[in-house]
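A.B. asks: Chains as they are written, first to last, in our numbering: chain A, 1 to 258; chain B, 259 to 595.
Where is the CB? At the ideal position from N, CA and C, for every residue including glycine.
As structure tokens, this is what we get:
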């Protein structure tokens, strides 16, 4: 299987703090990778390096489909097809739904004049098809701060879908969602798999990650403590091993995985 | 989870309302400010019909309100990004000082005018650098540059003014301050042009979309690849340019440049932006609101004089307007959440 993205010897230091330490990480084509780890394990830092928000320390290398990427920026990452579904903080509360869908990537002519009619009609189409917003109370002009948690997550997810990402990063997408909303979110992850795209699913909650992931990577204190294919072990074994990580900092028993 | 349930309720209520209610909801800020304007106008009309039924008071509005409206309109952009600029009164005089230097050296009004606008943009750019590159809160940074530029003006001019008679012979004079039909001053036309252009860039251009996004959720803006620093800096540059332009218009209209020029414009300009409904927290605001609010502020000034009250009252009332409109925004903002 070819790699969509590959990180080689990536470290990230913030002042005195080393958030990531020589991380080697890759996502294969059409693979869902579950990224687990406690608070401060380096999950967000790793995410932000892949999305071009942070630059890795010198020596770290990024490859996109086998080609080396120098100085990845947020814009460049989006152009490549890397899309992030952040927690709800990624929405602009006081702006309308259509503005949120096209955030930072507005439809415009070459002079930068917005195509408002175009964006609104695309938004309406997405509302009916992808988002499943049936309530007549929500229009393309509705302000997103009146939306529920699930509706907001739907907006963020739809944004990623609409722009046809090759690699979708989901940063704790189920946080604060109700049961049915969580199910909808997990269905979306399965949908990514079915359409042949790849995803990185970052979460605390192994009960959400385990069912949808092909491979599970465990981060601990800035290093990859271990990784394994889902079919190698059951959910119960995974839980036992995560306790082991919390205690020893290592996931694998001798001779296994890494 | 409880916040989710609370948020869902008002939505189902709006579903029952018609398109008229939806229009009222979308444009509530604009409708509100127009109602305020009409009420104040009726009050003044009832209180002093002689003054407010005469043509002269409206001619006076149209000539003096643009002095600060020209700055309040672009200042709306800075406030929407979540920043503030308090240096514009000094930048008005700084631009004219640049005019003074270049005009005295070359004798060319045109070169002086260009120097004036460039000086304003430079001052705005400096504010932008202090805020976005160095990271000083704009409130502090622009208080600093306010005193700095005023000081620079005083040092350079040595407190001496400049007669603007030479400008009368150039196209700039009729172009900027001519009274059309002896009634409508050109600066009023320029104010409308400013309002239309700024409105266009705020609401129909990528730049405006990024201005709103930057003020609404700066973290999200960065994550979505918006160049937040450049967007903010550009808004400061526009205010600097507008302040220099306004300084030129004022000096030309009075045919004299006073180095203390701008001192009286701080409060009425800020009051116009906040009364116009632009959120002090950023992310929200309209050019239309600021435009109407400028004329409300102008009318209040005229009303105070017409009512026979001393000029001391103006500061009290402007200060009161700023506090009340910002308080109202805050209370309404909490209710929406």
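With C-beta atoms as the reference, is residue 76(A) less than 9 Å away from residue 104(A)?
C.D. replies: The answer is no: Cβ separation not under 9 Å.
A.B. asks: Return the residues of the segment 472–503 of chain B that lie within a Cβ-Cβ distance of less than 8 Å from chain A, sorted by chain order.
C.D. replies: Those residues of the segment 472–503 of chain B that come within reach of chain A (Cβ to Cβ, closer than 8 Å) are 474, 475, 477, 478, 479, 480, 481, 482, 483 and 484.
A.B. asks: Please name the residue or residues paired with residue 8(A) in a DSSP beta bridge.
C.D. replies: Answer is 61(A), bridged to residue 8(A).
A.B. asks: In terms of residue numbering, what span does the alpha helix (DSSP H) encompassing residue 509(B) cover?
C.D. replies: Segment 486–512, the alpha helix (DSSP H) holding residue 509(B).
A.B. asks: Short of 7 Å Cβ to Cβ, which residues in the segment 528–543 of chain B face chain A?
C.D. replies: Answer in chain order: 541 and 542.
A.B. asks: Is there at least one Cβ from chain B nearer than 9 Å to residue 182(A)'s Cβ?
C.D. replies: Not one chain B Cβ lies under 9 Å of residue 182(A).
A.B. asks: Could you list which residues in chain B have their beta carbon closer than 7 Å to that of residue 94(A), in chain order?
C.D. replies: Within chain B, the residues near residue 94(A) are 474, 541 and 542.
A.B. asks: Note down, one range per segment and in chain order, each beta strand (DSSP E) of at least 3 residues found wholly within the segment 332–357 of chain B.
C.D. replies: None, since the segment 332–357 of chain B contains no complete beta strand (DSSP E) of that length.
A.B. asks: Is the separation between the beta-carbon of residue 317(B) and that of residue 432(B) shorter than 9 Å?
C.D. replies: Against a cut-off of 9 Å, the Cβ pair of residue 432(B) and residue 317(B) comes out as no contact.
A.B. asks: Expressed to the nearest angstrom, what Euclidean distance is found between the alpha-carbon atoms of residue 258(A) and residue 148(A)?
C.D. replies: Note that residue 258(A) scores 44 on pLDDT, short of 50, meaning its location in the model is unreliable; the coordinates nonetheless yield the value given after this. Computed Cα separation, rounded: 42 Å.
A.B. asks: So residue 336(B) packs on residue 493(B), CB below 8 Å; how close in whole Å?
C.D. replies: Their Cβ separation, rounded to whole angstroms, is 5 Å, which keeps residue 336(B) and residue 493(B) in contact under 8 Å.
A.B. asks: What does a CB cutoff of less than 8 Å around residue 580(B) pick up in its chain, not counting 5 residues either side in sequence?
C.D. replies: Excluding residues within five positions, the ones whose Cβ falls inside 8 Å are 525, 528, 529, 532 and 533.
A.B. asks: Give me the chain A residues within the contact set of residue 282(B), using Cβ-Cβ distance strictly less than 7 Å, ordered along the chain.
C.D. replies: Those do not exist, as residue 282(B) stays about 13 Å from chain A at its closest Cβ, beyond 7 Å.
A.B. asks: Taking the alpha-carbon positions, what's the residue 563(B) to residue 406(B) distance?
C.D. replies: Distance between the alpha carbons of residue 563(B) and residue 406(B) is about 33 Å.
A.B. asks: How is the alpha helix (DSSP H) around residue 191(A) delimited, first residue to last?
C.D. replies: Residue 191(A) -> alpha helix (DSSP H) spans 179–194.
A.B. asks: Run through the DSSP bridge pairs and tell me what residue 229(A) is partnered with.
C.D. replies: Looking at the DSSP assignment, residue 229(A) forms a beta bridge with 215(A).
A.B. asks: Could you list which residues in chain A have their beta carbon closer than 7 Å to that of residue 465(B), in chain order?
C.D. replies: Near residue 465(B) (Cβ distances below 7 Å), the residues of chain A are 112.
A.B. asks: For residue 262(B), which of helix, strand or coil comes out of DSSP?
C.D. replies: Residue confidence for residue 262(B) is low, a pLDDT of 39 falling below 50, so the modelled location carries little weight and cannot support an answer.
A.B. asks: Per DSSP, what kind of secondary structure is residue 221(A) in: helix, strand or coil?
C.D. replies: Coil, per DSSP.
A.B. asks: Under 9 Å, Cβ to Cβ, is there at least one residue of chain A near residue 546(B)?
C.D. replies: Closer than 9 Å: no.
A.B. asks: I'd like to check one pair, residue 85(A) with residue 7(A): are the Cβ atoms closer than 9 Å?
C.D. replies: No; because the gap between Cβ atoms is not below 9 Å, this pair is not in contact.
A.B. asks: Use the C-beta contact count for residue 240(A): other C-beta atoms within 10 angstroms, 16 or more gives buried, fewer gives exposed.
C.D. replies: Exposed, by the Cβ-count rule.
A.B. asks: For the beta strand (DSSP E) containing residue 171(A), name the first residue and the last one.
C.D. replies: Looking at the DSSP string, the run of the beta strand (DSSP E) that includes residue 171(A) is 167–171.
A.B. asks: Could you check which residue in 227(A), 220(A), 131(A) and 78(A) has the C-alpha nearest to that of residue 167(A)?
C.D. replies: The residue with the shortest Cα to Cα distance from residue 167(A) is 78(A).
A.B. asks: Using a Cβ-Cβ distance cut-off of 9 Å, determine whether residue 103(A) contacts chain B.
C.D. replies: With 9 Å as the cut-off, residue 103(A) counts as an interface residue toward chain B.
A.B. asks: Kindly indicate the opening and closing residues of the beta strand (DSSP E) around residue 16(A).
C.D. replies: Taken as a continuous stretch (DSSP letters only), residue 16(A) belongs to no beta strand (DSSP E), as it is neither H nor E.
A.B. asks: If we cut at 9 Å on Cβ distances, does residue 168(A) have a partner in chain B?
C.D. replies: With 9 Å as the cut-off, residue 168(A) does not count as an interface residue toward chain B.
A.B. asks: Tell me which same chain residues have a C-beta within less than 6 Å of the C-beta of residue 119(A), skipping the five on either side of it?
C.D. replies: 98, 102 and 107, listed in sequence order.
A.B. asks: Of all the CB atoms in chain B, is at least one closer than 9 Å to the CB of residue 116(A)?
C.D. replies: Taking Cβ atoms only, chain B reaches closer than 9 Å to residue 116(A), which makes this a yes.
A.B. asks: Please confirm whether residue 462(B) has its beta-carbon closer than 9 Å to some beta-carbon of chain A.
C.D. replies: By this cut-off, residue 462(B) is an interface position.
A.B. asks: Given residue 193(A), which residues of its chain have a CB within under 6 Å of its CB, disregarding the five upstream and five downstream residues?
C.D. replies: Taken in chain order, the residues that qualify are 32.
A.B. asks: If you draw a straight line from the C-alpha of residue 544(B) to the C-alpha of residue 331(B), how long is it?
C.D. replies: Approximately 9 Å between the Cα atoms of the pair.
A.B. asks: For residue 106(A), which residues in chain B fall below 8 Å Cβ to Cβ?
C.D. replies: Going along chain B in sequence order, the residues near residue 106(A) (Cβ under 8 Å) are 464 and 467.
A.B. asks: Can you have a look at residue 96(A) and say buried or exposed, based on whether 16 or more other CB atoms are within 10 angstroms of its CB?
C.D. replies: It counts as buried.
A.B. asks: Under 8 Å Cβ to Cβ from residue 495(B), same chain only, skipping five residues before and after it: list those, please.
C.D. replies: Cβ neighbours of residue 495(B) beyond the five flanking positions: 379, 382, 383 and 386.
A.B. asks: Beta strand (DSSP E) containing residue 198(A): first to last residue?
C.D. replies: It spans 198–203 - the beta strand (DSSP E) in which residue 198(A) sits, taken as one unbroken run.
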